[in-house]
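I have placed the structure first, in the form of structure tokens, so that the comments after it can refer back to it.
Protein chains in written order, with this note's numbering: chain A, 69 to 183; chain B, 95 to 207.
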């Protein structure tokens, strides 16, 4: 079956620090990969996505590259801000195995950015 | 992008009672889903809400405990039946159009006492 493994949090960084949140996946087919973000008190929002190997998703200064050889989709940002404090979820969907549009989520990584 | 309105946003319920959560999308979508997010854990898919027919449940979830309705393309309900403290979670509605990614409601934070 499909699964997503994320680095555990919480992650605490100073403002302007470099961020990496690791994500690896297991899938039987050819999944699409996503990062969702959940700000305090809000629902999940799609942050970025990649649908095939070597694709790079990017949004709001965040980037992640779909690495098929290492089955990874690590999230990076060069300079975090306090407003980036949130919980970040890595997820996949795998249409090729009949899973439809169902999402499989990682456990989430809480990021706290301090001044 | 489309917006999901989910009600109630939170509730505190007595054990043994039932709560129905409503999910309204402001545009027609092809698929609607219900997820559970238990404290400190990730999201787990409960079921896919099918329009006009019975929902498709994931392993570990059954219709008697989580009856779901989807009478049209923009509305769905999830009922948490005969609640116990173990049902305390955030319940999230998700929807997806034919050419869009999945988007989520703000969730319903349920506490069972």
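Using N, Cα and C, we set each Cβ at its ideal position, and we do this for glycine too.
What you are looking at is a predicted structure, and each value in this text was computed from that prediction instead of being measured.
Beta-carbon spacing of residue i, residue j below 8 Å
i, j, result
"residue 90 of chain A", "residue 172 of chain A", "no"
"residue 100 of chain B", "residue 191 of chain B", "no"
"residue 143 of chain A", "residue 130 of chain A", "yes"
"residue 144 of chain B", "residue 130 of chain B", "no"
"residue 142 of chain B", "residue 161 of chain B", "no"
"residue 169 of chain A", "residue 149 of chain B", "no"
"residue 60 of chain A", "residue 183 of chain A", "This structure gives no information on residue 60 of chain A, because the portion of chain A shown stretches from 69 to 183."
"residue 112 of chain A", "residue 126 of chain A", "no"
"residue 153 of chain B", "residue 117 of chain B", "no"
"residue 79 of chain A", "residue 177 of chain A", "yes"
For residue i, the nearest candidate out of the options (CA to CA)
i, options, result
"residue 103 of chain A", "A:135, A:92, A:156", "A:156"
"residue 154 of chain A", "A:107, A:81, A:78, A:72", "A:107"
"residue 185 of chain B", "B:109, B:114, B:96", "B:114"
"residue 167 of chain B", "B:112, B:127, B:102", "B:127"
"residue 180 of chain A", "A:150, A:170, A:169", "A:150"
"residue 107 of chain B", "B:162, B:183, B:123, B:145", "B:183"
"residue 180 of chain B", "B:140, B:96, B:156, B:109", "B:109"
"residue 189 of chain B", "B:102, B:122, B:112, B:111", "B:122"
"residue 138 of chain A", "A:79, A:94, A:76", "A:94"
"residue 100 of chain A", "A:183, A:145, A:140, A:182", "A:140"
"residue 122 of chain A", "A:109, A:136, A:97", "A:136"
"residue 145 of chain A", "A:160, A:158, A:128", "A:128"
"residue 97 of chain B", "B:154, B:105, B:119, B:104", "B:119"
"residue 125 of chain B", "B:111, B:135, B:194, B:159", "B:194"
"residue 139 of chain B", "A:183, A:160, A:178, A:177", "A:160"
"residue 177 of chain B", "B:102, B:103, B:111, B:105", "B:111"
"residue 147 of chain A", "A:85, A:132, A:158", "A:85"
"residue 97 of chain A", "A:162, A:176, A:178", "A:162"
"residue 175 of chain B", "B:169, B:187, B:155", "B:155"
Residue-chain proximity (residue i, chain A), Cβ-Cβ < 8 Å
i, result
"residue 113 of chain B", "no"
"residue 205 of chain B", "no"
"residue 110 of chain B", "no"
"residue 125 of chain B", "yes"
"residue 191 of chain B", "no"
"residue 148 of chain B", "no"
"residue 154 of chain B", "no"
Neighbour flag for residue i against chain E, beta carbons, 8 Å
i, result
"residue 198 of chain B", "Looking at the structure shown, chain E is missing, and the protein chains on hand are A and B."
Interface flag, residue i vs chain B, CB-CB below 8 Å
i, result
"residue 127 of chain A", "no"
Listed from N- to C-terminal order along the chain, which residues in the segment 158-179 of chain B have their beta-carbon within a distance smaller than 8 Å of any beta-carbon of chain A? none
Would you list, in sequence order, the uninterrupted beta strand (DSSP E) runs of no fewer than 3 residues that lie entirely inside the segment 107-136 of chain B? 113-119, 125-131
At a Cβ cut of 7 Å, what residues of the segment 105-116 of chain A count as close to chain B, listed as they run along the chain? 110, 111, 112, 114
Beta strand (DSSP E) segments (min. 3 residues) lying fully within the segment 147-174 of chain B: The qualifying runs are 162-166, 169-174.
So within the segment 70-139 of chain A, which uninterrupted beta strand (DSSP E) runs reach at least 3 residues, ignoring any that extend past its ends? 71-74, 79-82, 87-89, 91-94, 100-106, 112-118, 124-127, 130-133
To be precise: take each residue of the segment 150-183 of chain A, compare its Cβ to all Cβ atoms of chain B, and keep it if any distance is under 9 Å. Which residues remain? Look at the segment 150-183 of chain A: the residues with a C-beta under 9 Å from a C-beta of chain B are 157, 159, 161, 168, 169, 170, 171, 172, 173, 174, 175, 176.
Going along the chain, which residues of the segment 130-143 of chain B sit with their C-beta nearer than 9 Å to a C-beta in chain A? Residues of the segment 130-143 of chain B with a C-beta atom less than 9 Å from some C-beta of chain A are 131, 134, 135, 136, 137, 138, 139, 142, listed in chain order.
Ignoring anything shorter than 4 residues or poking outside the segment 140-171 of chain A, list the alpha helix (DSSP H) runs there in chain order. none
Which complete beta strand (DSSP E) runs does the segment 170-202 of chain B hold, if anything under 3 residues is left out? 183-190
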